[in-house]
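**Student:**
Residue numbers (the working numbering): 445 to 531.
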């Protein structure tokens, strides 16, 4: 047997790049069509009126308007100014 330990290796030292998930446009904010509203994994937030869902569950605005989050985790984009009255 060797009387000195050989050079070992660490099982750590690796990490993946952050995915920058989360809400990108907040309630009451004006957005244009195509703007990303929420980047997510799974349907944590669900699309409402004026909002589409991409293949990676990203929510985006279909129309120009104001972002509105409802209490049941639904995201809407309203073309009128009624988005400021949060539910």
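Ideal Cβ positions, reconstructed from N, Cα and C, are used throughout, including at glycine.
Exposed or buried, what is residue 470 when buried is set at 16 or more other beta-carbons lying within 10 Å of its beta-carbon?
**Tutor:** If you number the chain shown from 1, residue 470 lands on position 26. Exposed is the call here.
**Student:** Pull up the distance between the alpha-carbon of residue 515 and that of residue 476, whole angstroms please.
**Tutor:** Position 71 of the chain shown, counted from the start, is the residue given in the question as residue 515. Position 32 of the chain shown, counted from the start, is the residue given in the question as residue 476. If you take the alpha carbons of residue 515 and residue 476, they lie about 23 Å apart.
**Student:** Leaving aside the five residues before and after residue 474 along the sequence, list all residues of the same chain whose C-beta is less than 6 Å from its C-beta, in chain order.
**Tutor:** Taking the chain shown and counting its residues from 1, one reaches residue 474 at position 30. The answer, listed in chain order, is 510.
**Student:** Beta-carbon separation of residue 507 and residue 519 under 8 Å?
**Tutor:** Sequence index remark: in the chain shown, residue 507 carries index 63 (1-based). Sequence index remark: in the chain shown, residue 519 carries index 75 (1-based). For residue 507 and residue 519, no; Cβs fall outside 8 Å.
**Student:** Residue 499: which of 492, 512, 513 and 484 sits nearest, CA to CA?
**Tutor:** Locating residue 499 in the chain shown gives position 55, counting from the first residue. Of the listed residues, the one whose Cα sits closest to residue 499 is 484.
**Student:** Let me know the secondary structure DSSP gives residue 504 once reduced to three states.
**Tutor:** The sequence position of residue 504 within the chain shown is 60, counting from 1. In this structure, residue 504 counts as strand in the three-state DSSP scheme.
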